[in-house]
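Quick note, the sequence shown lines up with residues -26 to -1, 1 to 256 if you use mature numbering (1 follows the signal peptide of the UniProt record, and there is no 0). By construction, the Cβ of each residue, glycine as well, lies at the ideal position given by its N, Cα and C atoms. Model, not experiment: these values are computed from the prediction.
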Amino acid sequence: MLTSIRGLAAASFAAGLALSATPAFAETQESLSEEAKSDVVTVIDSEAERASEPVAADTANYQEDSPGFSVSANVALTSEYRFRGVDLSGGEIAIQGGVDFATDSGFYIGTWASSLDEDTVGYGSTEVDVYGGFSGQISDAVSFDIGGIAYMYPDAGAGDFDYLEVYGSVGFAFGPAEATVGVAYAPDQDSLGGTDNFYIYTDVGAGLPGTPITLSGHLGYTDGFLTFTNDGKAFDWSIGAEAALYGPVSLSVAYVGAEGDIPAGAYDFTDDAVVFTLSASF
């Protein structure tokens, strides 16, 4: 599910607040997040997460600096894995984590993984994302991130499930507030039914002065194969807050959902939910 790219993007906050999340079913993207895997709930990536999402938020970051580069690792425990508003863990707790390698020049590579509900989602019990890209500052208040990500489901059943996506985002800082606008595109692939998928999103966040609390919001739009709607078009959303608890530990909560046309009696992957995520970062 932009922040490892789920952690960056999962990136976005959607990665940020456990929503951001991952297309673990051919119907699901956010990030990386976005911002390295920044995403909401990867959420609020991202996808960042994974575009969301493409780079990872909501995770514990262990960082070791060396001349010219840095290595970081992340872990998180979330009450429900949401990727671009879609439930990929069957409403169950998910364990997530990743590792990132970044150079001082802005290039990065990383990997991120999450547990899934194999009975509900049908993509096996594990999602593994591998991503790489380039990020930097255009000015003190404007940043960018571009890259590519592979979503893989190593223990899925017979058939094509893995797919590739490219992403890009621009971030803006306004004092204690920031906003990110990003896109992610998956070209025609067998795992997408021979079609493509386009995703656009925006994440906003602001710290409350004098407190350890950050408020965040996410709105995304999917046009293509990775939706649960009859016309292949769907909005997803989230709104939440994150609080620094002690040292590297933080706790986030987000209200997440997505549009979906779910048959009566079937499991609703897009039903609105409140998602809690416990993470650490240092």
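Inter-residue CB distance, residue i and residue j (contact presumed, cutoff 8 angstroms)
i           : j    : result
S44         : I69  : In fact, because the Cβ distance is near 24 angstroms, the residues do not count as touching under 8 angstroms.
G121        : G107 : 2 angstroms
residue 266 : I213 : Because residue 266 is not part of the residues shown, which for the chain are -26 to 256, the question remains open.
T251        : G231 : Contact flag wrong, Cβ pair sits at about 16 angstroms.
S253        : A115 : Not a contact, Cβ separation roughly 27 angstroms.
G65         : A87  : 20 angstroms between Cβ atoms; not a contact.
A240        : E54  : 18 angstroms between Cβ atoms; not a contact.
A151        : T176 : No, A151 and T176 are not in contact; Cβ-Cβ is about 13 angstroms, not under 8 angstroms.
S79         : F118 : Not a contact, Cβ separation roughly 14 angstroms.
Beta bridge counterpart(s) of residue i as assigned by DSSP
i    : result
R58  : Paired residue(s): none; R58 is not in a bridge.
G72  : N48 and W86
I120 : F108 and G142
I253 : Here residue 253 turns out to be Ser, not Ile, going by the sequence shown. S253 pairs with A50 and S224.
A232 : D210
D103 : W86 and Y125
Y137 : Y125
S113 : V116
T77  : F43
E216 : T188 and S226
A247 : V230
Nearest candidate by alpha-carbon position, reference residue i, set the options
i           : options                   : result
D91         : G84, I83, T100 and T85    : T100
T52         : A124, L166 and I67        : I67
T169        : L182, D177, Y195 and L138 : L138
V104        : G98, G167 and I123        : I123
G42         : G71, A76 and Y55          : A76
V95         : F81, F135 and A115        : F135
D61         : K207, D164 and W211       : W211
Y173        : Y141, D242, D235 and Y55  : Y141
A180        : L193, T244, V248 and A147 : A147
residue 264 : F209, L189, E233 and G239 : This structure gives no information on residue 264, because the portion of the chain shown stretches from -26 to 256.
S113        : A153, D164, G145 and G65  : G145
I83         : S46, P186, G234 and T185  : S46
G149        : G167, V178 and S143       : V178
G131        : P222, Y97, A240 and G184  : Y97
residue 257 : V155, N171, D164 and K207 : There is simply no residue 257 to check, as the chain begins at -26 and stops at 256 in what is shown.
G59         : E152, F209 and Y125       : F209
G206        : G221, E233 and V223       : E233
G221        : V249, A238, I187 and F256 : F256
Y127        : P186, G80, S165 and S224  : S165
P237        : S224, V223, T203 and V249 : T203
V223        : D242, L193, V249 and I187 : I187
D74         : Y159, F57, N48 and S63    : N48
Are the stretch 193 to 202 and the stretch 217 to 229 touching, with three or more C-beta to C-beta distances below 8 angstroms?
-> no
Residue ranges of each beta strand (DSSP E) run of no fewer than 3 residues wholly in the stretch 139 to 201, ordered along the chain?
-> 151 to 163, 169 to 181 and 187 to 198
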